[in-house]
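Under the UniProt record's numbering, think of the first position of the sequence shown as 1, with each following residue one higher. Notes follow once the structure below has been shown.
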Amino acid sequence: MTADTPIEPPIETPTEPLTETGGAMAIDHTQAEPAADEGLLPGHVEAHGIDVIPDGERTGTARSLFALWVAPNVNYLSFVVGGVLVLMGLSLVQAIAAVVVGCLFSIATGIVAVTGPVSGTPSQVATRAMYGVRGNRVAIAVNGWFVSVCYIALNWLTASVIGFALTERIGLGSSTPVQVVVVLVIASATTAISVYGQGLIMRLYGPLSAGLTLVFLLVSGFLVAKADFSYTPPVALHGADLWLTWIAGVTLIAATPLSYTISSDFARYLPRDTSPVAVATWTALGNAVPGIALLTVGILAATVTDLSDPEAGLRGIVPGWLVTVFLVAIIVGILANNALTTYSSGLALQAVGLPFSRVASVAVTAVVGVAMTLYALFVFDFLDTVSSSLVLLVSLVGPIMAIYVTDVLLRRNAYDGVELSDSTPGSRYWYTGGVNLAGAIACLASFVAALMCASTEAFTGPVAKSLDGLDLSVPVGMIGASVLYVALTRLFYGKHAR
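Structure below.
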């Protein structure tokens with residue numbers, strides 16, 4: 001598609017909310033005139049699921065997205081990952097360069113967020129344009145729900161371990177009953193935020209971002225003050241070894257922003273005429289700024305201590321009282337991250353076609369996540385295997401993100417929420433038997449190609465082996481997906497985006 005290819009203009013979306021039952025769409029006239037902002041009051045459970053948000057309920061500015069994304073990205077994992085770059089053998093300058101390049105993938109997170117205001121729908125519905133009504137159900141079931149639940153369980157497990165350290169510090173011990181209570185308290189807090197939904201999230205995450213940033217900055221100040229700025233790796237990397245390691249570092253950093261294809265979920269309550277540039281910019285900055293800052297601190301901290309265990313790693317560097325506060329902040333940061341993921345996972349279950357309300361979908365997700373967390377904690381640590389496998393998911397999330405971004409640019413962000421919400425065979429997005437062949441083939445082919453180019457501890461593809469371990473999964477997967485999607489769209493459906 002060329003820049004001057006005409007695209008059908010978006011159709012005006014009626015303000016009546018839509019309901020989806022049994023695959024058919026209908027306008028719900030009983031809710032045609034809801035109280036303004038009713039779904040956005042922090043004391044009210046959000047009424048909407050994957051239906052179109054009426055114009056009368058859309059408020060706020062794009063700038064509010066910055067604070068929303070800062071909270072889940074101010075997390076301890078950034079310290080740890082920054083330290084990993086140093087352990088891989090990169091110098092300070094090389095590691096920081098990998099951080100900057102990896103965080104630039106937040107631009108993609110910003111671009112896909114622009115579909116929210118224009119369509120009034122979450123990403124789980126907008127992606128019907130890329131995969132078709134039926135094809136999208138499969139894509140969402142795998143990437144939108146199952147993978148998200150794995151991340152939720154891993155995060156809850158991490159938060160729980162930190163919680164056990166806190167209960168030890170305050171004299172409660174860490175017996176089995178205490179551990180179960182800690183897991184349930186963390187999971188319940190996360191689920192409550194997700195159940196109340198958008199209104200509570202938008203009002204809560206501003207103060208959360210400010211509080212978490214303050215605590216992390218205080219700890220960062222102590223770490224940076226002790227850092228060895230003259231640090232050099234024991235064995236300097238050169239030539240191919242340097243590129244292999246540096247690209248692996250970039251891939252590690254890029255995995256996080258590339259996984260945020262859900263960013264439009266939290267922009268759909270903004271007014272329809274909100275500037276797409278502003279939406280993309282504030283979303284990207286909310287991801288990139290804390291990422292660059294905390295990853296860099298992690299790099300510097302790794303020159304003097306091991307932060308894999310926050311309590312032991314900070315001992316002697318940070319005052320004891322601040323360590324306690326920091327442990328609490330780590331749990332809160334994980335909670336903030338998981339609340340967004342749980343919220344979007346609930347929308348994913350609805351988009352898959354299950355006859356659940358948004359609240360019921362969130363509850364199902366939470367129950368499965370808690371079960372996985374407790375099983376990993378007390379029975380069998382299968383999440384170690386899941387965690388290792390998730391490293392390979394960049395081979396999948398890269399192509400998915402690339403197709404989403406490409407579609408936004410091809411359509412010039414012309415998405416109509418009413419038509420996207422039509423899941424009947426007469427839908428504009430039914431394509432071929434309910435599947436957009438261009439999106440399905442591009443995604444699967446690029447995933448396989450990226451997997452063959454991946455190089456991780458869990459798996460090394462044949463192409464990566466032939467290149468002595470060079471991991472090209474991100475560029476191959478993303479560039480391949482984008483090119484294939486454009487070419488196949490023209491082949492199957494003509495020059496015009498449908």
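Glycine included, C-beta positions come from ideal geometry on N, C-alpha and C.
Could you tell me the boundaries of the alpha helix (DSSP H) in which residue i lies?
i	result
Asn-75	Segment: none, Asn-75 is in no alpha helix (DSSP H) and carries neither H nor E.
Cys-453	Note, Cys-453: premise wrong, no alpha helix (DSSP H); not H, not E.
Arg-137	133 to 139
Trp-156	147 to 169
Phe-326	320 to 352
Ser-209	198 to 226
Leu-295	276 to 301
Met-401	394 to 411
Trp-246	239 to 258
Ile-96	92 to 103
Leu-467	Where Leu-467 is concerned, there is no enclosing alpha helix (DSSP H), given that its DSSP letter is neither H nor E.
Gly-56	From DSSP, Gly-56 is part of no alpha helix (DSSP H); its letter is neither H nor E.
Gly-433	Unbroken run through Gly-433: none, as it is neither H nor E.
Met-372	358 to 378
Arg-234	Looking at the sequence shown, residue 234 is not Arg but Pro. First-last for Pro-234: undefined, no H or E at that position.
Glu-311	310 to 314
Measuring straight from C-alpha to C-alpha, what distance separates residue i and residue j?
i	j	result
Tyr-485	Asn-436	10 Å
Thr-303	Gly-313	12 Å
Asp-309	Leu-472	31 Å
Gly-49	Glu-57	14 Å
Ala-376	Leu-157	8 Å
Thr-59	Pro-117	10 Å
Val-183	Tyr-151	15 Å
Ala-278	Ser-64	10 Å
Leu-172	Gln-179	10 Å
Ala-62	Val-112	14 Å
Ser-423	Thr-127	12 Å
Pro-462	Leu-244	16 Å
Ala-70	Gly-197	Correcting the residue identity first, residue 70 is Val in this sequence and not Ala. Going from the Cα of Val-70 to the Cα of Gly-197 covers about 18 Å.
Thr-365	Ser-345	7 Å
Ile-107	Ser-175	45 Å
Tyr-404	Gly-163	37 Å
Gly-249	Val-99	8 Å
Ser-421	Leu-217	44 Å
Ile-247	Ala-402	19 Å
Ala-227	Val-418	55 Å
Leu-488	Leu-347	29 Å
Ser-455	Gly-469	6 Å
Tyr-429	Gly-494	14 Å
Arg-315	Leu-307	10 Å
Val-147	Ala-129	21 Å
Apart from the five residues just before and just after residue i, which ones in its own chain have a Cβ nearer than 6 Å to its Cβ?
i	result
Gly-333	Val-74, Asn-75, Leu-212
Ser-446	Pro-399, Gly-477, Gly-480, Ala-481
residue 500	Since the first residue of the chain shown is 1 and the last is 498, residue 500 is not available in this structure.
Tyr-343	Ser-194
Gly-82	Leu-295, Gly-298, Ile-299
Pro-276	Val-114, Asn-413
From this set, the options, which residue's C-alpha is nearest residue i's C-alpha?
i	options	result
Val-195	Val-45, Val-394, Ser-446	Val-45
Ile-400	Leu-92, Gly-144, Pro-117, Asp-55	Gly-144
Ala-481	Glu-419, Val-463, Val-397, Ser-423	Val-397
Ile-441	Leu-85, Val-125, Val-277, Ala-139	Ala-139
Gly-120	Asp-273, Ala-363, Thr-456	Asp-273
Ala-187	Tyr-404, Thr-406, Thr-373	Thr-373
residue 525	Thr-489, Leu-491, Pro-475	Outside the displayed span of the chain (1 to 498) sits residue 525, for which this structure offers no information.
Ala-225	Val-318, Met-452, Leu-349, Leu-347	Val-318
Ala-394	Ala-363, Asp-416, Phe-459	Reading the sequence as shown, one finds Val at residue 394 and not Ala. Closest option to Val-394, Cα to Cα, is Phe-459.
Val-114	Ala-165, Gly-83, Arg-268	Arg-268
Pro-72	Trp-430, Pro-207, Ala-464, Pro-271	Pro-207
Ala-329	Gly-426, Ser-209, Leu-340	Ser-209
Pro-177	Phe-378, Leu-270, Ala-438, Gly-494	Phe-378
Pro-122	Val-52, Val-84, Val-181, Cys-103	Val-52
Between residue i and the rest of its own chain, which residues show a CB-CB distance below 8 Å, the 5 nearest in sequence each way excluded?
i	result
Leu-354	Ser-361
Leu-335	Ala-159, Ile-186, Ala-189, Thr-190, Ile-193
Val-149	Ser-345, Thr-365, Val-368, Gly-369, Met-372
Leaving out five residues on either side along the sequence, give the residues of the same chain with a beta carbon under 7 Å from the beta carbon of residue i.
i	result
Gln-350	Gly-49, Ile-50, Phe-356, Arg-358, Ser-361
Thr-109	Pro-257, Tyr-260, Ser-263, Thr-283, Ala-284, Asn-287
Phe-66	Trp-282, Leu-285, Gly-286
Taking 8 Å as the cut-off, does the region 289 to 306 touch the region 117 to 135 (at least 3 CB pairs, one atom from each stretch)? no
Evaluate the contact criterion for the region 209 to 224 versus the region 345 to 364: three or more CB pairs, one atom per stretch, below 8 Å. no
With a cut-off of 8 Å, do at least 3 Cβ pairs link the region 280 to 295 to the region 250 to 264? yes
Report yes or no: do three or more beta-carbon pairs, one from the region 228 to 237 and one from the region 83 to 101, lie closer than 8 Å? The region 228 to 237 is in contact with the region 83 to 101.
Between the region 162 to 177 and the region 311 to 331, can you find at least three pairs of beta-carbon atoms closer than 8 Å? With a cut-off of 8 Å on Cβ pairs, the region 311 to 331 is in contact with the region 162 to 177, counting three or more such pairs.
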